[in-house]
Amino acid sequence: MIRLRKFTNDELIDILLARIDAGLRPGVIGRDAVEYIADLAVGDVRKGIKLLEKATRRVDRSDRSQITLEDIDTVHDEARRDLQQDHIESLGTHKRLLFDIVADPARTA
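Under the UniProt record's numbering, the first residue of the sequence shown is numbered 1, with each subsequent residue one higher.
As structure tokens, then:
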């Protein structure tokens, strides 16, 4: 996994807006929701993009036309879990084995 530096809130908003302009219909997400995603992501561009992706899919599945703050709150934990799983899957063999040992309480008892 490539390590990315923490972005400022303004930088993250700009990155998210560029993604939105490139891939979503105009009006799907308001500036307040983009700023909220940036606040939740705390400089982590992967988290910001994952939140945007999950919220977009949620709105699309429910056949609505706009992402709300509630949508973002609803997908927040799922996005966090997805990112954790991505990180775990990127571990090398030895680190993954160590993680599996530590994560399984039955093995450490």
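Note that beta-carbon positions come from the ideal geometry of N, C-alpha and C, so glycine has one too.
All figures in this text were calculated on a predicted structure; none of them were measured in a lab.
Beta-carbon contacts of residue i that lie in its chain and below 6 angstroms, excluding the five residues immediately before and after
i, result
"Q84", "none"
8 angstroms Cβ shell around residue i - same chain, five flanking residues per side excluded
i, result
"R19", "I49, L52"
"L17", "V34"
Among the options, nearest to residue i - alpha-carbon criterion
i, options, result
"I29", "D104, G92, R57, D82", "R57"
"R80", "A41, I67, L98", "A41"
"G43", "D71, I67, F7", "F7"
"G27", "S65, R46, V59", "S65"
"residue 143", "R46, K47, R31, L98", "Any answer about residue 143 is impossible in this case: the structure gives the chain only from 1 up to 109."
Own chain, CB closer than 7 angstroms to residue i, minus 5 neighbours either side, in chain order
i, result
"T93", "none"
Unbroken alpha helix (DSSP H) runs of length 4 or more, entirely within the UniProt domain "Cdc6 AAA+ ATPase-type lid" (14-75): which are they?
Correct list: 31-41, 45-61.
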